[in-house]
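**Q**
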Amino acid sequence: MTTPLLPPLKPIPIKERLSVLFIEKGHLDVLDGAFVVVDKTGVRTHVPIGGVACLMLEPGTRVSHAAASLAARVGTLLVWVGEAGVRLYSSGQPGGARADRLLYQAQLALDPGLRLKVVRKMYAVRFGEEPPARRSVEQLRGIEGARVREMYKRLAAKYNVNWKARNYDTSDWNKGDLPNRCLSAATACLYGVTEAAVLAAGYAPAVGFIHTGKPLSFVYDIADIYKFETVVSVAFGIAAKKPYNPEQAVRLGCRDIFRKSRLLERIIPDIEVILAAGEVTPPEPPEDAQPPAIPNPESLGDAGHRT
Amino acid sequence: MLVIVLENAPPRLRGRLAIWLLEIRAGVYVGNYSAKVRDHIWCQVEKGIENGNAVMAWKTNNEAGFDFVTLGTNRRIPLELDGTKLVSFLPVADNGEVL
């Protein structure tokens, strides 16, 4: 008799996962098929990798090949972050498991008319009202910038925080003032989960509409929709209290606000609504397209998850 | 939903828990009670566990959707990571002693 094998691993939907987990130090490995963090003394901590949207790896972590492969199999994004969430490097589940989504996104981004429609929808969803008519993307960006500065000021006043301007130095973390540092740590959490959702939905993080020319342009576009509603309030609320460990307080606050605002359930449907504003249907496969020789297996995960 | 798992517990505590909970496997108790009743039951475990160890998990409104508490010594130690609870597993020395 052959030994019974376990069924193959599959990703589960992003909306059913924990948002972010930070791993501070230790060796990430696979033991008995489980994802573990082993510390210097041999203590191992199991990480429910398949139930997390993205794992943030801080300085002091080492990742084995088996661990990275397991993370990809369950569709979990690994993000290498620097001190308090300043991103160093990111990897994990590569985007683009489905070309139809990528082509749709590219079609919308390449056509100036369609792109403007999408940008207008982004602002409409974000501010809850239609942006003024007959404005270019450039003009809309200017209107948004002014509005964002105003919102920072208003929220800073609400939480009694001394606010000058948004500024941060990626090369010197300690240069920023406390509200800016809290804000950087909080936005890092938001970008992590947003990137995981963008990839899971099957879109390319680099193909942005408002933001362009960065590896995560589309992630910034989408994250901006939720930024003020979620992480800015958290960051200012924590900066006002001046806690002993602000970065950790920010993470706890972010976790709470992500749950309260049901962020993980909203991101993927919202992306679909925004792209639908282009009023074009996703492209049909070309007539000469051949179906895959081996049909794709059924998956519980989102469209961009590879199985 | 409430689950209690006992290891090395005296029979009187096992009998006591069976008053409110269903013992679905040796030392594994399940039930569905309010926070108040849960504390009341856990109080019985605290009084009666002696040299054994116990863990109680229940459904709650945090991001993970559940929480748990432990009692007594075990190789598995709860670990709090920025508001999420994980479990660390202690290694064993060659002579079988937990390090």
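Respectively, the protein sequence lines represent chains A and B.
In terms of the numbering used here, the first sequence is numbered consecutively and its last residue is 307.
In terms of the numbering used here, the second sequence is numbered consecutively and its last residue is 406.
Note that the Cβ used here is the ideal one computed from N, Cα and C, for glycine as well.
1. From the DSSP secondary-structure annotation, give me the bridge partner or partners of Phe228 (chain A).
2. Taking DSSP as the reference, what is the three-state secondary structure of Glu287 (chain A)?
3. Report the neighbours of Ser395 (chain B) on chain A: residues whose CB is nearer than 9 Å to its CB, in chain order.
4. Identify, in the order they occur along the chain, each residue of the same chain with its Cβ nearer than 6 Å to the Cβ of Pro11 (chain A), setting aside the five sequence neighbours on each side.
5. Is there contact here, the stretch 185-204 of chain A with the stretch 9-23 of chain A, by at least three beta-carbon pairs under 8 Å?
6. From Glu313 (chain A) to Ala333 (chain B), what does the alpha carbon distance come to, in whole angstroms?
7. Please confirm whether Glu357 (chain B) has its beta-carbon closer than 8 Å to some beta-carbon of chain A.
8. Curious, which full-length alpha helix (DSSP H) runs of at least 4 residues does the stretch 219-280 of chain A contain?
9. When the Cα atoms are used, what is the spatial distance from Leu57 (chain A) to Leu103 (chain A)?
10. Does the beta-carbon of Val161 (chain A) have 16 or more other beta-carbons within 10 angstroms, so that it is buried, or is it exposed?
11. For a quick check, are the C-beta atoms of Ile268 (chain A) and Val125 (chain A) less than 8 Å apart?
12. Does the beta-carbon distance from Leu28 (chain A) to Ser64 (chain A) come in below 8 Å?
13. Which term fits Ser136 (chain A), buried or exposed, when burial requires 16 or more other beta carbons within 10 angstroms of its beta carbon?
14. So with Cβ pairs under 8 Å, would you call Leu5 (chain A) a contact of chain B?
15. Once the 5 residues before and after Trp163 (chain A) are set aside, which same chain residues still bring their CB inside 7 Å of it?
16. Figure out for me which residue from A:Asn296, A:Val37, A:Ser184, A:Ile14 has the closest Cα to the Cα of Ala249 (chain A).
17. Measure the alpha-carbon distance for Ala276 (chain A) versus Thr187 (chain A) and round it to whole angstroms.
18. Tell me the DSSP secondary structure of Gly145 (chain A) in three-state form.
19. Can you grab the Cα-Cα spacing for the pair Ala204 (chain A) / Phe218 (chain A), in whole Å?
20. Grouping DSSP H, G and I as helix and E and B as strand, with all else coil, what is Lys164 (chain A)?
21. Would you say Ser261 (chain A) lies against chain B (beta-carbon separation less than 8 Å)?
22. Give me, in chain order, the residues of the same chain whose beta-carbon lies closer than 6 Å to that of Asn358 (chain B); leave out the 5 immediate sequence neighbours on both sides.
**A** By the coordinates alone:
1. Its beta-bridge partners do not exist; DSSP assigns none.
2. Coil, per DSSP.
3. Under a criterion of Cβ atoms nearer than 9 Å, the residues of chain A adjacent to Ser395 (chain B) are, in order, Val37, Asp39, Val43, Arg44, Thr45, His46.
4. Result list for Pro11 (chain A): Val74, Gly75, Gly301, His305, in chain order.
5. Segments in contact, yes.
6. Outside the shown range of chain A, which is 1 to 307, sits residue 313 (chain A), and nothing can be said about it.
7. When Cβ-Cβ separations below 8 Å define contact, Glu357 (chain B) makes no contact with chain A.
8. With a minimum length of 4 residues, the continuous alpha helix (DSSP H) runs that stay inside the stretch 219-280 of chain A are 233-241, 246-260, 263-276.
9. Rounded to the nearest angstrom, the two C-alpha atoms are 32 Å apart.
10. Answer is buried; the Cβ neighbour count reaches 16.
11. Not a contact, by the Cβ cut-off of 8 Å.
12. Yes; because the gap between Cβ atoms is below 8 Å, this pair is in contact.
13. Counting of Cβ neighbours within 10 angstroms places Ser136 (chain A) among the exposed residues, the total staying below 16.
14. Judged by the 8 Å Cβ criterion, Leu5 (chain A) is not in contact with chain B.
15. The residues Tyr152, Lys153, Ala156, Pro179, in chain order, have a CB closer than 7 Å to that of Trp163 (chain A) in the same chain once the five nearest residues on each side in sequence are set aside.
16. With distances taken between Cα atoms, Ala249 (chain A) lies closest to A:Ser184.
17. Ala276 (chain A) and Thr187 (chain A) have their alpha carbons spaced roughly 26 Å apart.
18. Helix at Gly145 (chain A).
19. Approximately 7 Å between the Cα atoms of the pair.
20. It is coil, neither helix nor strand.
21. No, because no Cβ of chain B sits closer than 8 Å to the Cβ of Ser261 (chain A).
22. Correct list: empty, nothing qualifies.
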